[in-house]
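K.L.:
Numbering (the UniProt record's numbering), first residue to last: 1 to 636.
Here a beta-carbon is modelled for each residue, glycine too, at the ideal position from N, C-alpha and C.
Please read all numbers here as calculations on a predicted model, not as lab measurements.
First, the structure itself, so that you have it in front of you.
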């Protein structure tokens with residue numbers, strides 16, 4: 001299933017949010033209200049303890065095995081495709097745009113943890129579960145308490161033996177320290193709490209035949225081989241495909257077409273091949289050769305130095321275009337309803353669209369005749385496209401699919417730059433400064449002789465990545481550069497250190513808006529500059545602007561200046577979707593950063609914080625809770 005956080009105020013359900021990726025979740029309040037196992041008001045019994053003024057709990061939403069079986073029987077009876085696994089179906093069902101669809105799905109919610117409460121909470125996990133049950137929450141029936149580690153260890157085999165008797169699919173159990181105070185004192189390492197651990201059951205295996213290997217090309221051009229298998233039943237699911245990751249994995253496993261292979265299902269979800277059954281070979285098996293050309297556009301494939309993956313480098317490859325557009329309209333990007341993968345494929349095949357900007361110039365005539373598009377759906381699709389033109393700048397940047405630029409980095413860029421034009425201007429000026437630096441360095445870098453001089457010369461090929469980040473705030477850049485390049489300088493005494501230093505300072509000055517953003521490393525900055533200075537990408541953005549897509553940073557209604565000049569980092573799960581916390585900060589004059597540094601003003605810590613919490617402790621950065629943040633925003 002998926003994690004859900006429920007917030008109650010004076011006993012009434014006010015919000016429900018998914019944990020998402022640990023950084024950004026979804027507000028699913030309307031959908032949660034349709035679940036019979038989520039109480040809309042607590043307590044549900046008159047003799048139960050009164051509800052706190054504020055209570056935040058965590059739970060899991062899933063589909064029980066018997067319910068999943070019935071759901072698929074209904075799907076088959078109606079001639080619809082059956083669902084592959086209960087976990088993904090539960091997640092998709094809870095995140096439906098229409099709560100009426102969610103209400104039709106057999107979802108079950110189990111609550112298992114108190115995240116926050118305005119009242120004192122029980123001192124032990126066992127007492128907390130009893131308290132939640134008294135309030136009327138649905139609890140997992142299989143919970144046990146052990147008085148010692150020896151007793152727990154002795155019981156583990158019985159838990160594994162019972163795994164298939166549970167009413168839901170599971171890949172293990174969670175073991176917690178009972179004393180809540182002790183669990184908090186133990187803290188976390190990275191993202192893992194010391195006071196709780198997961199005991200995973202061994203993955204189940206099955207053998208089947210490898211029939212073929214198909215090739216997938218993603219929006220970045222990355223080539224991923226996928227195994228086509230003779231269908232086999234593993235851990236309650238029929239598996240017919242398995243990931244092979246890359247061709248080096250295939251080589252290392254020494255698997256061949258026609259092999260009997262061993263398939264595992266990791267975490268009860270992802271199937272993969274662990275190797276061939278060599279004793280079953282009869283000589284008819286065929287070795288798997290890496291492709292040399294893209295199967296979709298016939299462009300020669302490239303394997304970058306040091307990389308294990310193959311790439312199609314043709315930006316106009318039809319499959320890359322499709323995958324880019326598929327991502328662009330998806331929920332995690334521009335979120336354009338009624339334009340799904342099948343529609344994107346049809347529009348590409350009929351040459352109605354070739355790039356993202358074409359979506360915003362589609363007409364009713366373009367959509368007429370597409371499979372599944374009647375007048376009402378055409379109107380809804382055009383309305384969704386029109387609405388997407390007003391997406392926030394951060395969402396637009398995310399949708400561009402730049403390598404390494406997800407929603408968090410995109411939000412940071414949108415917070416720093418007032419518009420996409422300002423970001424382009426910075427990147428173009430930076431790239432021009434980089435080219436000027438290279439023109440000075442090239443004659444000398446190309447003639448390095450000794451290994452030491454060659455290594456020094458390599459630093460001159462990408463001054464933004466190798467030098468600007470290092471020397472952004474350094475004094476005496478000329479002296480430092482001379483020391484760094486000494487092996488090359490020994491071979492070329494006429495190496496113009498002063499000119500190179502001036503050119504490097506020009507790179508630093510142009511890139512300063514990016515270099516000062518906490519958490520953006522050299523590789524990411526270099527990728528951002530490369531993307532936003534590329535002429536084809538700039539042309540795409542200009543076409544989107546011409547079609548009416550807003551690329552200005554929305555000015556949040558100023559609610560105060562309590563956070564003026566302050567930068568905040570958020571980590572862990574909050575009681576509300578993360579966007580609301582970010583809006584609270586920015587509307588009071590603060591800035592959001594994606595990583596912790598000495599310049600960070602505060603780290604806002606929610607439940608199950610990650611490594612940012614540890615770094616804040618190490619650097620001595622002030623740590624506050626969500627409640628502290630709200631008090632700071634609205635001081636009495």
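(1) Distance check for residue 541 and residue 381, CA to CA, integer angstroms please.
(2) Would the region 332-345 count as touching the region 395-412 if we require 3 or more Cβ pairs under 8 Å?
(3) Please list the terminal residues of the continuous alpha helix (DSSP H) segment that includes residue 68.
(4) Please classify residue 95: does DSSP put it in a helix, a strand, or coil?
(5) Just to confirm, is the Cβ distance from residue 274 to residue 262 under 8 Å?
(6) Could you round the C-beta distance between residue 593 and residue 518 to whole angstroms and report it? I think they count as a contact, below 8 Å.
(7) Quick one: what does DSSP say residue 488 is sitting in, helix, strand or coil?
(8) Taking DSSP as the reference, what is the three-state secondary structure of residue 564?
(9) With DSSP as the reference, identify every bridge partner of residue 273, one or two as the case may be.
(10) For the beta strand (DSSP E) holding residue 58, just list the boundary residues, first then last.
(11) With residue 34 and residue 102 assumed to form a contact (beta carbons below 8 Å), what rounded beta-carbon distance in angstroms separates them?
(12) When you compare each of 582, 610 and 614 to residue 626 by their alpha carbons, which one comes out closest?
(13) Count the other CB atoms within 10 Å of the CB of residue 450; is the residue buried (16 or more) or exposed (fewer)?
(14) Got a sec, what are the start and stop residues for the beta strand (DSSP E) residue 374 sits in?
(15) Roughly how many whole angstroms lie between the Cα atoms of residue 646 and residue 306?
(16) Evaluate the contact criterion for the region 39-53 versus the region 91-101: three or more CB pairs, one atom per stretch, below 8 Å.
(17) Decide if residue 722 is buried, meaning its Cβ has at least 16 other Cβ atoms within 10 Å, or exposed.
(18) My guess is that residue 522 and residue 561 are in contact by the Cβ rule of under 8 Å, so how many angstroms apart are they, rounded?
(19) Going by DSSP, what residue range makes up the alpha helix (DSSP H) through residue 528?
(20) Mind pulling the alpha helix (DSSP H) runs of 4 or more residues that sit fully within the region 388-450?
(21) Give the single residue among 365, 291 and 573 whose Cα lies nearest to the Cα of residue 59.
(22) With DSSP collapsed to three states, give me the class of residue 471.
(23) Report the rounded CA-to-CA distance for residue 281 versus residue 370, giving the unit in angstroms.
(24) Does the Cβ-Cβ distance between residue 85 and residue 53 come in under 8 Å?
(25) Give me the DSSP bridge partner(s) of residue 602.
(26) Just mark residue 12 as buried or exposed, buried being the case when its beta carbon has 16 or more other beta carbons within 10 Å.
(27) Rounded to whole angstroms, what is the Cα-Cα separation between residue 310 and residue 69?
(28) Considering only DSSP beta bridges, list what residue 257 is partnered with.
(29) Pull up the CB-CB distance for residue 229 and residue 239, whole angstroms please, since I reckon it's below 8 Å.
(30) For residue 638 versus residue 453, is the C-beta distance shorter than 8 Å?
(31) Under the assumption that residue 180 contacts residue 224 (Cβ atoms under 8 Å), give the Cβ distance between them as a whole number of angstroms.
(32) Where do the ends of the alpha helix (DSSP H) carrying residue 138 lie?
(33) Among 257, 630 and 344, which residue has its Cα nearest to the Cα of residue 373?
(34) Per DSSP, residue 209 is paired with what?
(35) From what residue to what residue does the alpha helix (DSSP H) around residue 629 run?
(36) Residue range of the beta strand (DSSP E) that residue 225 falls in?
P.N.:
Considering the structure as presented:
(1) Mapped onto the chain shown, residue 381 falls at position 381. Mapped onto the chain shown, residue 541 falls at position 541. Whole-angstrom Cα-Cα distance: 22 Å.
(2) yes
(3) In the chain shown, the residue the question calls residue 68 occupies position 68. From DSSP, the alpha helix (DSSP H) with residue 68 extends over 65-77.
(4) Your numbering for residue 95 matches position 95 in the chain shown. Of the three classes helix, strand and coil, the one that applies to residue 95 here is coil, per DSSP.
(5) Walking along the chain shown from the start, residue 274 turns up at place 274. Walking along the chain shown from the start, residue 262 turns up at place 262. Against a cut-off of 8 Å, the Cβ pair of residue 262 and residue 274 comes out as a contact.
(6) In the chain shown, counting from the first residue as 1, residue 593 sits at position 593. In the chain shown, counting from the first residue as 1, residue 518 sits at position 518. Yes, residue 593 and residue 518 are in contact; Cβ-Cβ is about 4 Å, under 8 Å.
(7) The residue you call residue 488 lines up with position 488 of the chain shown. In the structure shown, residue 488 sits in a helix (DSSP, three-state: H, G or I).
(8) Start at 1 with the first residue of the chain shown, and residue 564 comes out as number 564. Coil, per DSSP.
(9) As a working note, residue 273 is residue 273 in the chain shown. DSSP lists 263 as partners of residue 273.
(10) One-based indexing of the chain shown puts residue 58 at position 58. Counting along the chain, the beta strand (DSSP E) containing residue 58 begins and ends at 54-62.
(11) Within the chain shown, numbered from 1, the residue matching residue 34 stands at position 34. Within the chain shown, numbered from 1, the residue matching residue 102 stands at position 102. With 8 Å as the limit, residue 34 and residue 102 qualify as a contact, their Cβ atoms being about 5 Å apart.
(12) Working through the chain shown from its first residue, we reach residue 626 at position 626. With distances taken between Cα atoms, residue 626 lies closest to 582.
(13) Your numbering for residue 450 matches position 450 in the chain shown. Under this definition residue 450 is an exposed residue.
(14) In the chain shown, counting from the first residue as 1, residue 374 sits at position 374. Residue 374: not part of any beta strand (DSSP E); DSSP gives it neither H nor E.
(15) The shown model of the chain, from 1 to 636, leaves out residue 646, and the question about it has no answer.
(16) no
(17) Because the chain here runs from 1 to 636, residue 722 falls outside it and cannot be looked at.
(18) On the chain shown, position 522 is the one that residue 522 refers to. On the chain shown, position 561 is the one that residue 561 refers to. Not really, about 34 Å apart at Cβ, beyond 8 Å.
(19) Your numbering for residue 528 matches position 528 in the chain shown. It spans 522-532 - the alpha helix (DSSP H) in which residue 528 sits, taken as one unbroken run.
(20) Within the region 388-450, the runs of alpha helix (DSSP H) at least 4 residues long that lie entirely inside it are, in chain order, 393-399, 407-416 and 420-445.
(21) In the chain shown, the residue the question calls residue 59 occupies position 59. For residue 59, the closest C-alpha among the options 365, 291 and 573 is that of 573.
(22) Within the chain shown, residue 471 is the residue found at index 471, counting from 1. Residue 471 falls in the helix class under three-state DSSP.
(23) If you number the chain shown from 1, residue 281 lands on position 281. If you number the chain shown from 1, residue 370 lands on position 370. Roughly 48 Å between the two C-alpha positions.
(24) Here residue 85 refers to the residue found at position 85 when the chain shown is read from its first residue. Here residue 53 refers to the residue found at position 53 when the chain shown is read from its first residue. Not a contact, by the Cβ cut-off of 8 Å.
(25) Numbered from 1 along the chain shown, position 602 holds the residue referred to as residue 602. According to DSSP, which records beta bridges pairwise, residue 602 is partnered with 568.
(26) Here residue 12 refers to the residue found at position 12 of the chain shown. So residue 12 ends up on the exposed side.
(27) Locating residue 310 in the chain shown gives position 310, counting from the first residue. Locating residue 69 in the chain shown gives position 69, counting from the first residue. Distance between the alpha carbons of residue 310 and residue 69 is about 40 Å.
(28) Stepping through the chain shown from its first residue, residue 257 is reached at position 257. 286.
(29) Residue numbering aside, residue 229 sits at position 229 when the chain shown is read from its first letter. Residue numbering aside, residue 239 sits at position 239 when the chain shown is read from its first letter. Their Cβ separation, rounded to whole angstroms, is 6 Å, which keeps residue 229 and residue 239 in contact under 8 Å.
(30) In the structure displayed, the chain extends from 1 to 636; residue 638 sits before or after that span and is not available.
(31) As a working mapping, residue 180 is identified with position 180 in the chain shown. As a working mapping, residue 224 is identified with position 224 in the chain shown. With 8 Å as the limit, residue 180 and residue 224 do not qualify as a contact, their Cβ atoms being about 44 Å apart.
(32) Indexing the chain shown from 1 puts residue 138 at position 138. No alpha helix (DSSP H) contains residue 138, which DSSP labels as neither H nor E.
(33) Taking the first residue of the chain shown as position 1, residue 373 is located at position 373. That would be 344, whose Cα lies nearest to the Cα of residue 373.
(34) For the purposes of this step, residue 209 is identified with residue 209 of the chain shown, where counting begins at 1. 260, per the DSSP bridge assignment.
(35) In the chain shown, residue 629 corresponds to position 629, counting from 1. Here the alpha helix (DSSP H) through residue 629 covers 626-633.
(36) Position 225 of the chain shown, counted from the start, is the residue given in the question as residue 225. First-last of the beta strand (DSSP E) with residue 225: 223-234.
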